[in-house]
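Reading through the C-alpha cells given below for one structure.
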Amino acid sequence: MVDKATGPAPTRPLLGITTTIPVEVALAAGYQPLDLNNSFISDPDPAGLVARAEELGLPPTLCAWIKGIYAWCLAHPEVATIVGVTQGDCSNTHALMELLTLAGRRLLAFEYPHQRYLPDLARQLAGLAESLGASLEAAEQVRRELLPLRRDLARLDEMTWRSGQVSGEENHLWLVSASDFEGDPYGFHDRLKAFLRQARQRPGQARRPRLGLLGVPPIMSGLHAALEEMGAAVVYNEVPRQFAMLPPPAGEDPDLTAQYLRYTYPYDVFHRLEDIRRQVGLRRLDGLIHYTQTFCFRQMQDLALRAGLPLPLLTLEGDRVGPLDARTRLRLEAFLEVLS
Ligand code: SF4
Numbered sequence: 053m054v055d056k057a058t059g060p061a062p063t064r065p066l067l068g069i070t071t072t073i074p075v076e077v078a079l080a081a082g083y084q085p086l087d088l089n090n091s092f093i094s095d096p097d098p099a100g101l102v103a104r105a106e107e108l109g110l111p112p113t114l115c116a117w118i119k120g121i122y123a124w125c126l127a128h129p130e131v132a133t134i135v136g137v138t139q140g141d142c143s144n145t146h147a148l149m150e151l152l153t154l155a156g157r158r159l160l161a162f163e164y165p166h167q168r169y170l171p172d173l174a175r176q177l178a179g180l181a182e183s184l185g186a187s188l189e190a191a192e193q194v195r196r197e198l199l200p201l202r203r204d205l206a207r208l209d210e211m212t213w214r215s216g217q218v219s220g221e222e223n224h225l226w227l228v229s230a231s232d233f234e235g236d237p238y239g240f241h242d243r244l245k246a247f248l249r250q251a252r253q254r255p256g257q258a259r260r261p262r263l264g265l266l267g268v269p270p271i272m273s274g275l276h277a278a279l280e281e282m283g284a285a286v287v288y289n290e291v292p293r294q295f296a297m298l299p300p301p302a303g304e305d306p307d308l309t310a311q312y313l314r315y316t317y318p319y320d321v322f323h324r325l326e327d328i329r330r331q332v333g334l335r336r337l338d339g340l341i342h343y344t345q346t347f348c349f350r351q352m353q354d355l356a357l358r359a360g361l362p363l364p365l366l367t368l369e370g371d372r373v374g375p376l377d378a379r380t381r382l383r384l385e386a387f388l389e390v391l392s
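Residue numbers (the numbering used here): 53 to 392.
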C-alpha cells in the first residue's frame, strides 16, 4: 500500500485518540493518529504514570487506564489535539476531556450512537471530518487504500485460529495496534508483511484447550504467554479484532459508515454477543476468559456475557499495571483443568 494520504510523513501533526475512531478521517485530514491507550501502556514506566496521576489528585478508585492516559498526556504536550469518544467507549471520558482542556489541549468529541442508527453515525462522521478539516470523499479514499492492510490483518488472525502459526499474544499485539497503525499505516503494513512471511515458515500448532479472550485489553502483562505456557491457545482476541476492522469474509463494506456500524465494541452488548457466538463456532472454542478492569462500568456486562454464551467462562479482574500475579495464575490453571 503506497499512497499520499497514508504514507510516512514525520511532520504530520499528532492526533491523540482515546479509543478507536474512524481513523481514515484523521489520516485524510493529514494527522498522525496516536492511540493514547497504546502510548500509555508502551511507555517505559506505565506504573509510574498511574502513580503520578494519583499524586496529582485522581482517586485510587478510578480505572488505571484513565489515570495512565491522563499522566501520559500531561508529559506529552506535543499532542495538542485529542479526539475523545464521548459515547460508546468509556464513562470517564467526559471528565478526562475536561482535565485535558484545562491542561491546554484542543479536545474534539466523537460519538458512536448507542442505538446503532445509521443516520446518526453518518452525522458524527461528517462532524468529525469538518472539525479535523477533511472531506468525507478523501476519507473514503483512505478507507479503500487501507483495505489491503486490513486484509493482511485478517490473514494474520486466520493464522492464529486456523493453523496456529501466529500466537495469541502476537495476534493481540498486531490487532490492538491497528487502532492507530502506530501512527504510520505505510510502515505498519511493511512490518506486517515481513512478519507474515516469517510466520508462514513456522510449523502449525494444535494446542488445546482453545480459548477466546473477551473484554477490554488487559492492563497486566503476560496473560497470553502464561496461558500458552500452560498448554492452552488463545485463538480469539475479541476487542482487538474489533479495533482492527477486519473486512468481512464475503465482500467488503460499501463505505465508512457501514464499516463503523459493523464495529461491535461501542454499541450495546447484544451485537457483541452475536459476533462472539459466531466466532465461538467458527474457531471451535473450548472456553472463554472475560477480562474486566477494576472500576470499569463494563464489568456489569459480565452478567450479559455469562447469560448469553454457551460455554465455560472465567472472569478475570485486573487493576494495576505489572506482571500477572500468582493468584491469577492459579485461577487460570484451575480453569484449564476444568476444561480438560
Ligand atoms: S477499562 Fe473501562 S473504565 Fe477503564 S478506560 Fe477502558 S472503558 Fe474506561
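For every residue, glycine included, the Cβ atom is placed at its ideal position computed from N, Cα and C. The structure displayed is predicted, hence computed values, not measured ones.
Taking the straight line between their C-alpha atoms, what separation do you get for T70 and V135? Position 18 of the sequence shown, counted from the first residue, corresponds to residue 70. Position 83 of the sequence shown, counted from the first residue, corresponds to residue 135. If I take the Cα positions, the gap works out to 7 Å.
Is F92 near the ligand SF4, in the sense that its beta carbon is under 7 Å from a heavy atom of that ligand? Here the question's residue 92 lines up with position 40 in the sequence shown. Every heavy atom of the ligand SF4 is 7 Å or more from the Cβ of F92, so no.
M272 by DSSP, collapsed to three states: which one? Here residue 272 refers to the residue found at position 220 of the sequence shown. Three-state DSSP puts M272 in a strand.
Could you check if D236 is buried or exposed, using at least 16 other CB atoms within 10 Å of its CB as the buried criterion? Your numbering for residue 236 matches position 184 in the sequence shown. Answer is buried; the Cβ neighbour count reaches 16.
Measure the alpha-carbon distance for R336 versus R262 and round it to whole angstroms. As a first step, residue 336 must be located in the sequence shown, where it is residue number 284. As a first step, residue 262 must be located in the sequence shown, where it is residue number 210. Between R336 and R262, the C-alpha separation is close to 7 Å.
For the alpha helix (DSSP H) that contains F92, what are its first and last residues? Start at 1 with the first residue of the sequence shown, and residue 92 comes out as number 40. Where F92 is concerned, the enclosing alpha helix (DSSP H) stretches over L88 to I93.
Quick check on DSSP: helix, strand or coil for I121? Position 69 of the sequence shown, counted from the start, is the residue given in the question as residue 121. Of the three classes helix, strand and coil, the one that applies to I121 here is helix, per DSSP.
Tell me, please, whether the segment 287 to 296 touches the segment 187 to 195 by the rule of three or more beta-carbon pairs shorter than 8 Å. no
Close Cβ partners of L275 (< 7 Å) along its chain, the five nearest in sequence each way excluded: Taking the sequence shown and counting its residues from 1, the one referred to as residue 275 is at position 223. Around L275: L376.
Of the listed residues Q351, R329 and E76, nearest to E189 (C-alpha basis): Numbered from 1 along the sequence shown, position 137 holds the residue referred to as residue 189. The candidate whose alpha carbon is nearest that of E189 is E76.
Cβ of L388 within 8 Å of Cβ of A284? Within the sequence shown, residue 388 is the residue found at index 336, counting from 1. Within the sequence shown, residue 284 is the residue found at index 232, counting from 1. Yes.
Own chain, CB closer than 7 Å to H146, minus 5 neighbours either side, in chain order: In the sequence shown, counting from the first residue as 1, residue 146 sits at position 94. The answer, listed in chain order, is T138.
For V373, count neighbouring Cβ atoms within 10 angstroms of its own Cβ and tell me buried if that reaches 16, exposed if not. As a first step, residue 373 must be located in the sequence shown, where it is residue number 321. Counting Cβ neighbours within 10 Å, V373 comes out buried, since at least 16 surround it.
In three-state terms, what does DSSP make of P129? Working through the sequence shown from its first residue, we reach residue 129 at position 77. If DSSP states are grouped into helix, strand and coil, P129 belongs with coil.
Under 8 Å Cβ to Cβ from M53, same chain only, skipping five residues before and after it: list those, please. To locate residue 53, count along the sequence shown from 1; it is residue 1. With a pLDDT of 40 at M53, under the threshold of 50, the predicted position of this residue should be treated as unreliable, though the coordinate-derived value follows. Excluding residues within five positions, the ones whose Cβ falls inside 8 Å are E197, L198, P200, L201, P237, Y238 and H241.
Proximal residues to A81 (C-beta, below 6 Å), its chain only, five neighbours per side dropped: One-based indexing of the sequence shown puts residue 81 at position 29. L184, G185 and A186, listed in sequence order.
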